[in-house]
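The sequence shown begins at 9 in my numbering and counts up by one. Everything on this sheet refers to the single structure shown next.
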Amino acid sequence: MNDIIKILQQNARISNTALGEMLGISAEEAAAQIDQLEKSGVIKGYSVIVDDDLYDKSTVYATIELKVTPQRDCGFDDIAKTIMMYDEVESVSLMSSGAYDLAVEVKGNNLKDVAFFVSERLATIDGILSTSTHFILKKYKEKGIFIDDEEPDERGLG
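As structure tokens, then:
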């Protein structure tokens, strides 16, 4: 099962036939294993990695660090669930660092949209003590996929 997940993380559009050939199983067995992973909740969904410089140059991404007061009986979960409901939010993660508690990845149409989201929506949620916004200037690699067409220079890698 680990091999199927690794292959799908690199190419979720691979055919069952090709996947089966890579793993030494039939296409039907590959399809059945994927179906089992989906039904058990291991595979939550599939996504597309986009080069926004080619698709939509106005798209803006930011990482927002949040300092949060944990809530009685639920810790950070309720605040995280509230934040997850916003369409702008790509991901929410609990961090182990003492500097901040939650990391929120957001996507907006422009800088103003992201700034409005932070100031008018995130900052006003009960329990959020402070925010720190970091705008992403360029993505080089995402989910193991190189965004730039150039192959990496591996001479310095050992």
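Even glycine gets a Cβ: it sits at the ideal position worked out from N, Cα and C. A quick note: this is a predicted structure, and the numbers were derived from the prediction, not measured.
Problem - K65 to S34 span [Cα, whole Å] - result: Your numbering for residue 65 matches position 57 in the sequence shown. Your numbering for residue 34 matches position 26 in the sequence shown. K65 and S34 have their alpha carbons spaced roughly 42 Å apart.
Practice task
Return the first residue and the last residue of the alpha helix (DSSP H) that G28 is part of.
Solution key: Position 20 of the sequence shown, counting from 1, holds the residue named residue 28. Per DSSP, G28 is one residue of the alpha helix (DSSP H) stretching across 24–31.
Handout entry: Of the residues T67, V56, I144, the one placed nearest D121, counting alpha carbons only
Key = Here the question's residue 121 lines up with position 113 in the sequence shown. Cα-wise, what sits closest to D121 is T67.
Practice task
Look at the alpha carbon of R80 and the alpha carbon of G135, and state the distance between them as a whole number of angstroms.
Solution key: For this step, residue 80 is matched to residue 72 along the sequence shown. For this step, residue 135 is matched to residue 127 along the sequence shown. Using only the alpha carbons, I get a separation of about 11 Å.
Exercise for the section: Rank E29, A88, S127, N19 by C-alpha distance to the C-alpha of G152 and give the top, closest one. Expected result: For this step, residue 152 is matched to residue 144 along the sequence shown. Of the listed residues, the one whose Cα sits closest to G152 is N19.
Problem - Nearest residue (CA-CA) to Y108, options K52, T139, I91, A39 - result: By 1-based counting over the sequence shown, the position of residue 108 is 100. Minimum Cα distance to Y108 is reached at T139.
Exercise for the section: Determine the DSSP secondary structure at E36, reduced to helix, strand or coil. Expected result: Within the sequence shown, the letter at position 28 stands for residue 36. If DSSP states are grouped into helix, strand and coil, E36 belongs with the helices.
Handout entry: L110 - containing alpha helix (DSSP H), residue span
Key = Residue numbering aside, residue 110 sits at position 102 when the sequence shown is read from its first letter. No alpha helix (DSSP H) holds L110; the beta strand (DSSP E) holding it covers 110–116.
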